[in-house]
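Chemist: Let me give you the structure first, and then I'll get to my questions.
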Amino acid sequence: MGGGVIGLLSAYQLAMAGKRVTLLDRGSVGSEASWAGGGIVSPLYPWRYSQAVTALAHWSQDFYPGLGERLLADTGIDPEVHVTGLYWLDLDDQAEALAWAQRQDRPLYAVPVETAYAQVPALGGGFERAIYMSGVANVRNPRLVKALRAALQRLPNVALREHSPVVQFVREGTRIAGVQSAEGELLAEQVVVAAGAWSGELLQSLEMSLPVEPVKGQMILFKCAEDFLPSMVLAGGRYAIPRRDGHILVGSTLEHAGFDKTPTDQALASLRASAETLLPALRDAEVVGHWAGLRPGSPEGIPFIGEVPEHPGLWLNCGHYRNGLVLAPASCRLLADLMLGREPIIDPAPYSPAGRL
C-alpha cells in the first residue's frame, strides 16, 4: 500500500525476486512527497543523524547510479541522476561535520570560501566558510517515480491499482491476510504499508499507534540558463538544486499543519528571500512553480522496516521523514531481504517495529 518511491521500489524489488505483487495507492502513483521533494541523494546534514540513517544512506548512494542507468535502459525514461557535489556555507557545526566525515571515510572537506565563489560564480556575497562533498547527486524525482511505474507495468507479475484507497485490513485472528479496498477484498500472504505520511492513519484500524505524522514542506522552482548553477548549495537551512535543463529548485519549509498541502504566500516570500540570499541573480528570475508536500515525520527520522510482531503478515516500510528518496534503495532492499528470508544487506534491528510501537 502506497505508490511513492518507497512503495514503488519495494514492489520492484519483490517482483524482480519473482513475487506476485499488487500495488495499491489512494490516488495517482508518485503524486505525493516523492514528487514534491528536492531529490538530493544525501541527508541535508548527514552528520546530525544516527548511524541507522547513515547506513541506509550510504548503501543507497552507491546504488543510485546503476538504478538510473537500468531504468533508462528498461523504460526509456531518464531519472537524471545528476552528480554536482554540494557546498555547505557558514555552518555552526562545521567541526562536527568534518569529524563525522573522517570517521565515515566520506569525501567531505573544508575548502577556502574563495573556492566556492570560483566554482559557483552566482553565489551571494558575505559567506565566510565552506565545506564541500564531491560525488553528491540529485535525482529528478518526478521522473524517477515515472520510470519506476513504467518498469513495474512491464512486469507480468505486477498489478497497479491507482485511486484504490484501502478501507480496512482483512484479519484472521491476529494475522493480516489482506486488505479491503474500494474495489473489493484482496488477499495476500504479506501486506506492506508504505503509505508515507498516511501510514499511521491506515494502522489506526488495528488499534496501532505509529509515530509517523505529516510534516509540510514547500518548494519553489526557477528557470535559468543550463550552466547557471554548477553545484548544489546550502546555507541557513535552505538549499538550491540545479537540474540539467536549467531549472533551479529552492527549498524548503518545515511546517506542522496536519494534512494541509496548500501552498502559502508567506512561504513563497520566505523561500524567495532565501533564494535571493543564496543566488542574488534569482531576483530577476520568475518563479515558475510553487508547491507543497507532506513528509512522513518519525522519531529521529529512523524508518520502520520489518514485520509487526503483533500482526504476522503485516510489514512496514515507512517513516523516512526528509530522506525517503535517499534512503529508498536500501530500505526497500532490506525489506525484500527480510520478507524473502535472505541475508539482510545491513543489520535490520534499528528499524524493526518490535519494541518501537
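Take the sequence shown: its position 332, counting from 1, is numbered 332 in full-length UniProt numbering, and each next residue is one higher. Just so you know, even glycine gets a beta-carbon here, dropped at the ideal spot from N, CA and C.
#1: Among the residues of its own chain, which have a CB less than 6 Å from the CB of F222, if the five just before and after it don't count?
#2: Where does the unbroken alpha helix (DSSP H) through K146 begin, and where does it stop?
#3: Using 8 Å for Cβ pairs, my map puts residue 358 next to G306. What's the rounded Cβ distance?
#4: Please say whether L71 and A147 have beta carbons closer to each other than 8 Å?
#5: Among Q266, S231, G324 and R356, whose alpha-carbon lies nearest the alpha-carbon of P121?
#6: From G39, Q190, G341 and W35, pick the residue whose C-alpha is nearest to that of V170; which is it?
#7: Determine whether the beta carbon atoms of C332 and V212 lie at a separation below 8 Å.
#8: Whole angstroms are fine: how far does the CA of R149 sit from the CA of P65?
#9: Give the DSSP-derived three-state secondary structure of C224 in the structure shown.
#10: Figure out for me which residue from S298, C224 and A330 has the closest Cα to the Cα of V287.
#11: Give the straight-line distance between the Cα atoms of L186 and L23, rounded to the nearest whole angstrom.
#12: Which residue or residues does DSSP assign as beta-bridge partners of H256?
#13: Start and end of the beta strand (DSSP E) containing L108?
#14: Would you tell me roughly how many angstroms separate the C-alpha atoms of G289 and A269, rounded to the nearest one?
#15: Where V250 and A240 are concerned, what is the direct C-alpha to C-alpha distance, given to the nearest angstrom?
#16: Return the bridge partner residues of W291 from the DSSP annotation.
#17: Quick one: give me the first and last residue of the alpha helix (DSSP H) that S298 is part of.
#18: Please look up how many angstroms separate the CB atoms of A267 and T277, rounded, as I've assumed it's under 8 Å.
#19: Could you say which of S10, V53 and G27 lies nearest to E300 if we only look at CA atoms?
#20: Can you give the Cα-Cα distance for W47 and V111, rounded to whole angstroms?
#21: Buried or exposed: where does I353 fall if 16 or more other Cβ atoms within 10 Å of its Cβ makes it buried?
#22: Kindly give me the distance between the Cβ atoms of V326 and I40, rounded to whole angstroms, as I take these residues to be in contact under 8 Å.
#23: Quick one: which unbroken beta strand (DSSP E) runs of 3-plus residues sit fully inside the region 186 to 221? Chain order, please.
Modeler: In terms of the structure at hand:
#1: I248, L282 and A285
#2: Secondary structure note for K146: its alpha helix (DSSP H) is the uninterrupted segment N141 to Q153.
#3: One cannot answer for residue 358 here, as it falls past the ends of the chain, which runs 1 to 357.
#4: yes
#5: S231
#6: Q190
#7: no
#8: CA-to-CA, the gap between P65 and R149 works out to about 18 Å.
#9: coil
#10: Taking the Cα of V287 as reference, the smallest distance to any Cα among S298, C224 and A330 is reached at C224.
#11: In a straight line, the C-alpha of L186 is about 11 Å away from that of L23.
#12: Looking at the DSSP assignment, H256 forms no beta bridge with any residue, so it has no partner.
#13: L108 to V111
#14: 13 Å
#15: For V250 and A240, the distance between alpha carbons rounds to 5 Å.
#16: M219
#17: No alpha helix (DSSP H) holds S298; DSSP gives it neither H nor E.
#18: The pair is not a contact, with the Cβ atoms about 16 Å apart (cut-off 8 Å).
#19: V53
#20: Between W47 and V111, the alpha-carbon positions lie close to 18 Å from each other.
#21: Here the sequence assigns Pro to residue 353, which means Ile is not the residue at that position. Answer is buried; the Cβ neighbour count reaches 16.
#22: About 7 Å separates the two Cβ atoms, so the contact holds.
#23: 191 to 193
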